[in-house]
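Numbering (my numbering), first residue to last: 250 to 431. Report on the following structure.
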Amino acid sequence: MRVVRNLNRFFLLIITLLLIFSITVCAKKDENFYKVTEIHDGDTVTIVKYSFLGIGVKTEKVRLVGIDAPELAQEPWGRRAKNYLKKLLRESNWQVRVELDVQHRDKYGRILAYLWDKNGNMINYIMIRNGYAMVYTIPPNVKYADLFVEAQRLAREEKKGIWGKDGLTEKPSDWRKEHPRY
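And the structure:
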């Protein structure tokens, strides 16, 4: 009997230590650094908001604020924008830092954010600068509006992506008006 009680105490101690360790590990996580688990299109992803022992327990959709990528049905640019965003995220090991502006959510409940890769590059900016998205600022979220306008000017001037030969023929916002929530 005594051996069983000691064994039970030992296992209880081990479980307690593991829980304390896991809580400590979770608490040390940078609160603005998240794993991307899904890419919906060129300007919307899903991140793991909360995890326990490496298992995602809450995910959230994030809309990259300040940009508008072609819709998936706007072929071929919708698919190209999504694939380019996927490439950027893969290069960042699917890890992003999230920066919020004034308004934190859109009317669909998505988080509105600037995403930064592991090297400190803003993904929203890169999407515009390389011609896979266009500027789409909605006040009050205009923190980087001037930077985005300059990036778009350069992309257009250099005829990159959607601004090049056989580029995008209709702005995503105009396309959505003609095809509401397809």
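Using N, Cα and C, we set each Cβ at its ideal position, and we do this for glycine too. On a predicted model such as this, the values are computed, not experimentally measured, just so you know.
Classification of residue i by the beta-carbon crowding that lies within 10 angstroms, buried from 16 upward
i	result
V306	exposed
D241	Outside the shown range of the chain, which is 250 to 431, sits residue 241, and nothing can be said about it.
K426	exposed
R402	exposed
R312	buried
K436	Residue 436 is absent from the structure shown; the chain starts at 250 and stops at 431.
R359	buried
G390	The displayed chain sequence assigns Asn, not Gly, to residue 390. With 16 or more other Cβ atoms within 10 Å, it is buried.
Y299	exposed
K367	exposed
K331	buried
For residue i, the three-state DSSP class (helix, strand or coil)
i	result
D423	helix
Q323	coil
R287	A quick correction: the sequence has Glu, not Arg, at residue 287. Strand at E287.
L417	coil
L430	It is worth fixing the name first, because residue 430 is Arg in this sequence and not Leu. Coil at R430, not helix or strand.
E407	coil
W412	helix
V314	coil
Y299	strand
Nearest to residue i (by Cα), restricted to the options the options
i	options	result
V314	K409, E399, V384 and L321	V384
I288	Q401, W343 and V347	W343
D423	V294, G291, I360 and Q323	Q323
T286	E407, K414, K335 and D350	K335
M371	I360, V391, R359 and F397	F397
V347	F282, H428 and E427	F282
D292	M376, E427, L349 and P325	M376
L361	K367, N368 and D350	D350
R328	V311, H428, I411 and K426	I411
V297	V345, D366 and N332	V345
L337	G358, P388 and W365	W365
R339	K284, Y299 and D395	K284
Legend entry - Inter-stretch contact at 8 Å, needing at least 3 Cβ pairs: the segment 345-355 / the segment 378-385: When C-beta atoms of the segment 345-355 are compared with those of the segment 378-385, fewer than three pairs fall below 8 Å, so the two segments do not count as touching.
Legend entry - At least three beta-carbon pairs within less than 8 Å, the segment 316-332 to the segment 415-423: Between the segment 316-332 and the segment 415-423 there are three or more C-beta pairs closer than 8 Å, enough to call the two in contact.
Legend entry - Complete beta strand (DSSP E) runs within the segment 321-403 (minimum length 3 residues, chain order): Entirely contained in the segment 321-403, the beta strand (DSSP E) runs reaching 3 residues are, in chain order, 344-354, 360-365 and 383-385.
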